[in-house]
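Chains as they are written, first to last, in my numbering: chain L, 728 to 953; chain A, -17 to 753. In this text, a Cβ means the ideal position worked out from N, Cα and C, and glycines have one as well. Okay, so here's the structure we're looking at.
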């Protein structure tokens, strides 16, 4: 695991995520959504309080509080990467994201994997590099392209499904199911562990490497019928 | 089959109800797209071939609320095994451009105005009747496409060739695949590759001929890279006229001067013989030698005619012919060092290495396209590296159904679904299946594509119906053909999905259903037929191209030949069409099998697909020991003596640069689809001219500055790209042709291969100035 940048604010937020991740793991039954929102500061305080709770006995309360966490909180991160950015680079959940930084025009593969195969600090961009979940594929620009303009050629009426909601377990204390397709994204560690990841989807028990021992895909396709 | 409005409403209601739980827990408001009011993940995944190139990737399209919302690669499809390219992943967005053509339009007082679809179809039928009455049946023509679904091309051929009785049926595949076809027919007697994409997983060496696969066939290119990464010993050699992403990712890049691939291919054969690498066992049993006419012209003038004549020769004559092509002599012609030529020959000649050659538009869009196709086969035949896993001369296609609809259905002037119009037996078979008198089918071919547009300009053709292609961007020497199409007394019908430069010159526009808005079939490069069901409703009054043709056919009085119902016509057409191929050399899979699988390779015999043709181990039509090249009467593959001849137009003092044109990864063909996909447009928003840094410095051109490119036919201004994605050598410029604002085809030359009649978009002479 990469070392986190030694920064006060980062450390504080890092702690918050530790708790948040804990909540995710011990996530509880789904309850009716409440539309109350709080200012981010208060929310952080709320979450920190729950740290003293006994998860096994007060899970429902914790979960209800989790439901109150605002988008602003979920979007924050220690590396400047947020879920909001994550989706803004995609056309639908699961589409190949566009390249958010300048690239050598006359390239195809070689450059990308130098940083994105294993992550780490990139001095030129002052960023911790996210890791690709499919480093075995070398022809990166086959799927990932760099936008050079914001404009459209013609307007489009494009709609897709909303991104999956986080942290939804089926039973009290059960591990969260995987809310996305695993094709091209079967390497959980790449996106869910380490400082380059989006904080909202980071797990804090990476040493338990056999992720799918506990986490299984939940894609809500067709209900099971015999 | 169409999804009716009622079914559609039911579908949406059901999905909304099922999504109630999701509404209670809405997702975070993230992402750049408008959210459907549905629970996340509740989508149905349906298979379809991709809409774009000829690779034929299998996609799984996620459908929710009657809309296509997501794409993933189909893991069950052996073509791409779950991986796509950026075009494929975003392909479904092409359905939703806001300027989609959804109503019929008719030109009134020089303006296209919306009319009821019935009125437009009545007008097309009436105009066809009138034109045939006044000017004869050969005054009406249909110009289709390798993007036609198989039933579209089949119905077009049946209507024009079988019912109306004109051979004025052509398709844009003439501009992209004709030399591949004539290459196959002259060397093997049967069209389409003997191998398949599995060759990529078996070969030790890949040699790409004028083929930027990293951008044009990215899924196949990355499959080569993945093999190289996992096996270690694999070599990829890029043999091309310009440095591209493919060159960069290859183990070695070898540049040759335009047109001199002919000389280098012969030099490789010279070296193979000189070094005694000939596989004599193979050559003695399975190869015969032939020569054709030389100095065969370029077809620049109207009414150009050429017919090749084969003469059987022997190996000694072949060897004597190659004396002009020693590596040292060819180095002077081609600019490829003798050492590199010897290296290429050694790779082909090494008996321990399995070699696959890939090519596409480089050898095909070539005024000696048939020849260079023959010459690559010559190399493989001399060393016997063919029709076995990993040993494969592989001609790739550029369109999703260039093979399926144009080559197999035969939507070209001389072709029928089985055989050629010149052959009485082929006409009889067609007449029987089509239920028309055999005398209806004209035994004389009329116009190939370039000549068809010349005929429209001259007035020999008065009415042309264009479907699923955009010739007012893609025809070479475009100024002439656009002026011709707009002359008085010309009537142009365009079946389109978006406004394009071709739409702009139309007298009638018919709104077409697109790709997964209708049921259909494509056929890819490796003889694979791929079915898709209708996945989303047809917008507005759009109608699939097949049904437009059927509507007009019925108005012309051919109800008997087009009796099918709207709901089942695609299946009915398939069942009729496959009667043409009911033999072990070409049998097609039944409808039900195609419905169930992610593509099926023909010949499909006794429930088995054929991966390697001409090899009795894999091909039930092949008999005997070793190989059986049953396409030729002598059951041998033909090596051809084909010399180097210069291009139709080479740089001179007035026009000192070669102009090369092509595609980029993000855009496909004329860009009418890919430019409406946000991520693709944003990555490459406009065309540009690639110029070598030395030439640019000499001319005072910097990156992004306006450059004027002119030829004897026209000129165009566009921004310069120096040391960008591709780097042409000194003396060459390269322009992607997707951009309707920068019509590079006003500059290109309409010279073509006299055998295949395919134009050469890769070579003409231009002058380059600061704009």
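- Rounded to whole angstroms, the Cβ separation of residue 363 of chain A and residue 619 of chain A is 5 Å, and the two are in contact under 8 Å.
- Taking 8 Å as the upper bound for CB-CB distance, residue 49 of chain A and residue 518 of chain A are in contact here, some 6 Å apart.
- When 7 Å is used as the limit between beta carbons, residue 821 of chain L is near these residues of chain A: 52 and 54, in chain order.
- At a cut-off of 7 Å, the C-beta of residue 670 of chain A has no neighbouring C-beta in chain L.
- Of the residues A:65, A:284, A:81 and A:325, the one whose Cα lies closest to the Cα of residue 208 of chain A is A:65.
- Within chain L, the residues 865 and 866 have their CB atoms less than 7 Å from the CB of residue 207 of chain A, given in chain order.
- At a Cβ-Cβ threshold of 7 Å, residue 96 of chain A and residue 87 of chain A count as neighbours.
- Interface criterion met: the Cβ of residue 876 of chain L is under 7 Å from a Cβ in chain A.
- For the segment 61 to 78 of chain A, the set of positions with a beta-carbon nearer than 8 Å to some beta-carbon of chain L reads 64, 65, 66, 67, 68, 71, 72, 75 and 78 in chain order.
- Bridge pairing for residue 590 of chain A: A:587 [DSSP].
- Shown here, residue 575 of chain A sits in a helix according to DSSP, grouped into three states.
- For residue 319 of chain A, no Cβ of chain L is located within less than 7 Å of the residue's own Cβ.
- When 7 Å is used as the limit between beta carbons, residue 872 of chain L is near these residues of chain A: 68, 648, 661 and 665, in chain order.
- Distance from residue 69 of chain A to residue 496 of chain A at the Cβ level is roughly 15 Å; contact not present, criterion being Cβ atoms closer than 8 Å.
- A residue is called buried once 16 or more other Cβ atoms fall within 10 Å of its Cβ, and residue 109 of chain A is buried on that count.
- Close CB contacts of residue 232 of chain A within its chain, under the 7 Å cut and outside five residues either way in sequence, are with 218, 219 and 220 (chain order).
- The beta carbon of residue 675 of chain A sits no closer than 7 Å to any beta carbon of chain L.
- One Cα belongs to residue 305 of chain A, the other to residue 253 of chain A, and the distance between them is close to 10 Å.
- Beta bridge pairing from DSSP links residue 512 of chain A with A:504.
- DSSP places residue 426 of chain A in the coil class of the three-state scheme, outside both helix and strand.
- In the DSSP secondary-structure assignment, residue 449 of chain A is bridged to A:477.
- Contacts between residue 883 of chain L and chain A, judged by CB atoms closer than 7 Å, involve 75, 78, 79, 80, 658 and 660 in chain order.
- Nearest to residue 592 of chain A by alpha-carbon distance, out of A:508, A:641 and A:614, is A:508.
- In the three-state reduction of the DSSP assignment, residue 652 of chain A falls in the coil class, being assigned neither a helical nor a strand state.
- Neighbours of residue 879 of chain L across chain A, judged by C-beta separation under 7 Å: 660 and 663.
- For the segment 115 to 187 of chain A, the full-length alpha helix (DSSP H) segments reaching 4 residues or more read 132 to 139 and 160 to 170 along the chain.
- Using a Cβ-Cβ cut-off of 8 Å, residue 211 of chain A is close to 863 and 865 of chain L, given in chain order.
- In this structure, the CA atom of residue 479 of chain A is about 10 Å from the CA atom of residue 85 of chain A.
- For the pair of segments examined, the segment 121 to 129 of chain A was found not to touch the segment 558 to 577 of chain A: the number of CB pairs separated by less than 8 Å stays below three.
- Comparing C-alpha distances from residue 168 of chain A to each of A:718, A:714 and A:617 shows the shortest one belongs to A:617.
- Assignment of beta-bridge partners to residue 887 of chain L by DSSP yields A:17.
- A Cβ of chain A is located within less than 7 Å of the beta carbon of residue 889 of chain L.
- Counting C-beta pairs with one atom in each stretch, the segment 710 to 720 of chain A and the segment 132 to 147 of chain A have fewer than three that are closer than 8 Å, which means they do not touch.
- When Cβ-Cβ separations below 7 Å define contact, residue 16 of chain A makes contact with chain L.
- Shown in chain order are the members of the segment 165 to 196 of chain A whose Cβ falls below 7 Å from a Cβ of chain L: 196.
- For residue 435 of chain A, the uninterrupted alpha helix (DSSP H) segment begins and ends at 431 to 440.
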